[in-house]
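Worksheet: one structure, shown below.
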């Protein structure tokens, strides 16, 4: 992820000034690969360097809270990868610390930054879907499909008590709530672990987290929904897909084909493509940096996100661009993840407070 961050920083005219990794060798290798001149011995040295203005945290999840607290204490703006933390209590603590210090923050829920996503959001806001009844979808990957596939995320001590849901399920839930304005209020969940051990003969890891999960939920506006999350679905690389279905029309989006979306109706179905007259909302045009006919992808969305984040960091009045995800949105994801873990463990429905954190630019509520 550090490479994606570095590209996005530079795409917005900023400079990736320094780096620290887990070891001296990995720090030097990463610095050479990313073209970063300053190699810091420790994360603390980097955080407190006077010429560093923004801290990007792209470490194993268990280190996020510690490093983010240090950055906030140093008065630095922070971009922290998701999940924001591995526990709900740590996420609450980070949001409170950032608020006390008046430090600007961002979390890369970057799927918000596709033009098609913003257009669907605008159309739902305008009432084109009518009353939304069914919100369903999936986020499927295959990078852990075989028993020999492994990664630090498999270790709960580094990745947290949830893997598949906390890593990619939160992306889907963030997108659903951002696009529809609905908030999950109640859910049940089932975790699936395909393998109890992973790795080659020389490096076997015990698996402490789920490979896939299925969540059934209800929202504060009376809709029902499901989301399936998997890192063992062969052939699926990053298939984040949703269908939001209402009394007047349905909207479908597939992240692997992000330049278009589908609108379903009783008399006709339509496919709306970025760069055409079908993109009606200014916010959708704002996040579309490329000319029509040039495919826009994940890195482009990340670049626009980073531009919004750095604009927010420069605004002394605290004003944020529309839809910029911050630590408050990371906290919302932590609330949902905590509920999913508890629901899976108890095999019962678990309530989720819809009024926690700053959910998006439409509504600000208390923790």
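In full-length UniProt numbering, the protein residues as written are 1 to 367.
Glycine included, every Cβ here is placed at the ideal spot set by N, Cα and C.
Keep in mind the model is a prediction, meaning the values are calculated, not measured.
A Cβ-Cβ distance of about 5 Å is found for the pair residue 80 and residue 68, placing them in contact under the 8 Å criterion. In the assembly as shown, residue 315 is an exposed residue. Its beta-carbon has fewer than 16 other beta-carbons within 10 Å.
Using a Cβ distance threshold of 7 Å, residue 47 and residue 16 do not count as a contacting pair.
Secondary structure of residue 278 (DSSP, three-state): coil. Fewer than three Cβ pairs drawn from the segment 180-195 and the segment 88-107 lie within less than 8 Å of each other, which leaves the two stretches out of contact. Between residue 132 and residue 232, the CB-CB gap reaches or exceeds 7 Å. Remark: three or more beta-carbon pairs, one from each stretch, lie closer than 8 Å, so the segment 330-349 and the segment 177-189 are flagged as touching. Excluding five sequence positions before and after residue 130, the CB atoms of its chain that fall closer than 8 Å to its own CB belong to 246, 247, 248 and 249, given in chain order.
Taking C-beta atoms as the reference points, residue 57 and residue 103 fail to come closer than 7 Å. Counted as a single uninterrupted DSSP element, the alpha helix (DSSP H) harbouring residue 73 occupies residues 64-73. Bounds of any beta strand (DSSP E) do not take in residue 27; it lies within the alpha helix (DSSP H) bounded by 24-34. Between the segment 168-177 and the segment 321-333 there are three or more inter-stretch CB-CB distances shorter than 8 Å, so the stretches are counted as touching.
Check the Cα spacing between residue 138 and each of 235, 203 and 240: the tightest is with 240. Taking a cut-off of 8 Å for Cβ pairs, the segment 114-129 and the segment 279-293 touch, as three or more such pairs fall below it. In the three-state DSSP reduction, residue 109 falls in the coil class, being neither helix nor strand.
The alpha-carbon of residue 243 is positioned some 17 Å away from that of residue 170. Counting of Cβ neighbours within 10 angstroms places residue 1 among the exposed residues, the total staying below 16.
Look at residue 355 here: in three-state DSSP terms it is coil, with no helix or strand label.
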